[in-house]
Structures are given as C-alpha cells and as structure tokens.
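K.L.:
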Amino acid sequence: MRGLVTLLAPAVAAACAELPLPPQVESAGEPGAPIYVASGAFTPMGYSATGRATYLLDEAGMAALTLSADFTVPDVPRVSIFLSNSPDLELAVKVGELQTRTGAQRWTFRVPRGAVWSWTVLWSEELWVGVARARLQPEG
C-alpha cells in the first residue's frame with residue numbers, strides 16, 4: 000500500500016494544482032454611498048472562524064468586502080476569500096487572500112452593476128478545503 004501511495008502522490012498533487020478556481024474580482028477604489036449592504040457571521044466548514052463579513056455595493060458597481068475587528072481563523076495555509084451564490088465555490092468569485100488571520104480587513108473592487116452574492120467563503124487554496132462561510136443577509 001505504501002508503494003501505491005508513493006506512486007499516486009505526484010499525480011494527486013498535479014491534479015490539485017490544476018483544479019479550476021473561480022474568476023477574480025478587479026481591485027478598485029472605495030465605493031460611494033451604498034445601495035446594497037449584506038452581512039453575516041462565519042460558521043465552520045471544517046475549521047472554526049469567528050467574526051462577520053459585510054458586503055456593500057454602490058450604484059456604479061464599486062464594492063467592498065469587510066471582515067469585522069473580532070475576525071479570527073485558525074492557522075490554515077493560503078486562505079482566500081470568495082463571494083458566492085452557493086455555500087461553496089460553485090458560483091463564486093475570488094476577492095483575494097486573507098491579509099492576516101485576525102482582525103479587521105477590507106477589499107475594494109469593481110463588479111457588474113447590481114452584483115450581489117449570498118455567501119462569503121473562506122477557502123484554503125493549498126489544502127483545497129473550505130474553512131468557514133458566512134451567509135450574507137441584506138440589511139435595512
């Protein structure tokens with residue numbers, strides 16, 4: 000069995016390296032007055048995370064995704080943050096990699112006018128596993 004694992008390891012690593020990732024958003028400046036705001040608390044997908052994610056969108060298609068000051072995530076390699084319309088990466092766009100494992104973080108980017116998502120997903124691109132997710136509920 001050990002020989003089989005040794006033979007398969009390079010093939011599995013190569014296959015994982017080629018798994019398709021969702022498209023990435025285009026970085027941009029700060030959005031103006033928001034016309035849409037949604038937020039939610041993180042729940043585990045395999046690892047625990049605390050804090051909230053907030054997504055806001057202005058009329059011109061400028062958006063921001065913010066993690067709260069009480070945000071924490073375990074020491075998992077290469078965690079990226081995605082916006083998705085499913086609780087996984089099926090209908091997702093990559094916002095970026097986490098800047099740090101704890102504390103407030105913010106990304107600003109351009110999206111198609113009116114683009115909203117219902118989930119924020121934390122995903123380890125190195126381990127190819129979900130870390131945590133937050134269901135984004137519209138505010139107001």
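At position 37 of the sequence shown the residue is numbered 36 (numbering that gives the first Met the number 0), and the sequence of numbers has no breaks. Yeah, the Cβ is synthetic: ideal placement off N, Cα and C, and Gly gets one too.
Is there contact between the region 33-42 and the region 85-101, where contact requires at least three CB pairs shorter than 8 Å?
P.N.:
No, the region 33-42 does not touch the region 85-101.
K.L.:
With a Cβ-Cβ cutoff of 7 Å, do Pro76 and Ser123 count as a contact?
P.N.:
Yes. Within cutoff.
K.L.:
Comparing C-alpha positions only, which one of Val115, Arg100, Met61, Gly113 sits nearest to Leu121?
P.N.:
Ranking the options by Cα distance to Leu121, first place goes to Arg100.
K.L.:
Am I right that Ala32 and Thr107 are in contact with their C-beta atoms under 8 Å? What's the rounded C-beta distance?
P.N.:
So it is not a contact: roughly 14 Å between Cβ atoms.
K.L.:
Could you tell me how far apart the beta carbons of Pro30 and Ala62 are, in whole angstroms, since I believe they sit closer than 8 Å?
P.N.:
With 8 Å as the limit, Pro30 and Ala62 qualify as a contact, their Cβ atoms being about 6 Å apart.
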